[in-house]
Amino acid sequence: MKDVLREIGMIARCLDSISNVEFQHLNLSRGQYLYLYRICENPGIIPNQLAELIKVDRTTAARAISKLESDGFISKRSAVDNKKNKELYPTEAGLEAWEFIRREGAHSDQVTLAGLTEEEIETAVSLLRRMRHNIEVDWRFVKKGGRRPYMDQEE
Numbered sequence: 005m006k007d008v009l010r011e012i013g014m015i016a017r018c019l020d021s022i023s024n025v026e027f028q029h030l031n032l033s034r035g036q037y038l039y040l041y042r043i044c045e046n047p048g049i050i051p052n053q054l055a056e057l058i059k060v061d062r063t064t065a066a067r068a069i070s071k072l073e074s075d076g077f078i079s080k081r082s083a084v085d086n087k088k089n090k091e092l093y094p095t096e097a098g099l100e101a102w103e104f105i106r107r108e109g110a111h112s113d114q115v116t117l118a119g120l121t122e123e124e125i126e127t128a129v130s131l132l133r134r135m136r137h138n139i140e141v142d143w144r145f146v147k148k149g150g151r152r153p154y155m156d157q158e159e
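As numbered in the working numbering, residues 5 to 159 make up the sequence shown, in order.
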């Protein structure tokens with residue numbers, strides 16, 4: 005059972021390490037490519053939605069967003085329907101960086117999924133989605149200050 009999460013973790017760390025090295029020339033700090041990618045995919049997204057999408061807390065997202073804005077990759081605009089909400093949009097520099105990040109992602113997909121059939125890939129995606137949905141329940145609960153049951157058990 006433990007091997008599943010270990011394997012997922014190792015794959016994620018490998019891809020993250022590769023990305024952080026290969027995106028250095030774009031002047032993106034560690035992990036910022038994730039935020040930029042999602043903003044480019046979802047122009048006009050608000051910070052809370054972005055944090056939820058990436059599965060980070062709002063404070064972490066706010067720091068990354070602020071850095072992306074100061075580095076000229078994104079801009080914030082007041083939402084038309086709610087001036088308090090700031091919508092996030094890629095700048096020209098952000099879109100150029102995104103194009104490179106997309107090419108790296110396509111290459112990583114090709115390498116990671118080499119030798120798998122379409123059916124195996126669909127099965128893997130389906131299983132991983134189910135696993136994510138399972139853990140998102142606990143993630144939301146803990147994020148709101150909840151304690152998972154194992155923490156109250158005697159050892």
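Backbone N, C-alpha and C fix where the C-beta goes; we use that ideal spot for every residue, glycine too. Predicted model, so just to flag it, every value in this text is computed and none were measured.
Residue environment, residue i, which counts as buried when at least 16 other CB atoms sit within 10 Å
{"i": "Trp143", "result": "exposed"}
{"i": "Pro51", "result": "buried"}
{"i": "Gln36", "result": "buried"}
{"i": "Ser21", "result": "exposed"}
{"i": "Cys18", "result": "exposed"}
{"i": "Tyr154", "result": "exposed"}
{"i": "Glu91", "result": "buried"}
{"i": "Leu72", "result": "buried"}
{"i": "Ser23", "result": "buried"}
{"i": "Leu120", "result": "exposed"}
{"i": "Ile105", "result": "buried"}
{"i": "Pro47", "result": "exposed"}
{"i": "Ile15", "result": "exposed"}
Bounding residues of the beta strand (DSSP E) (the contiguous stretch that carries residue i)
{"i": "Arg81", "result": "78–82"}
Unbroken alpha helix (DSSP H) run spanning residue i, endpoints
{"i": "Leu132", "result": "122–147"}
{"i": "Leu99", "result": "96–116"}
For residue i, the three-state DSSP class (helix, strand or coil)
{"i": "Pro47", "result": "coil"}
{"i": "Lys71", "result": "helix"}
{"i": "Lys6", "result": "helix"}
{"i": "Leu92", "result": "strand"}
{"i": "Val60", "result": "coil"}
{"i": "Arg42", "result": "helix"}
{"i": "Gly13", "result": "helix"}
{"i": "Leu32", "result": "coil"}
{"i": "Gln53", "result": "helix"}
{"i": "Asp20", "result": "helix"}
{"i": "Ser85", "result": "First, the residue type needs correcting, since residue 85 is Asp and not Ser in the sequence shown. Reduced to three states, the DSSP call for Asp85 is coil."}
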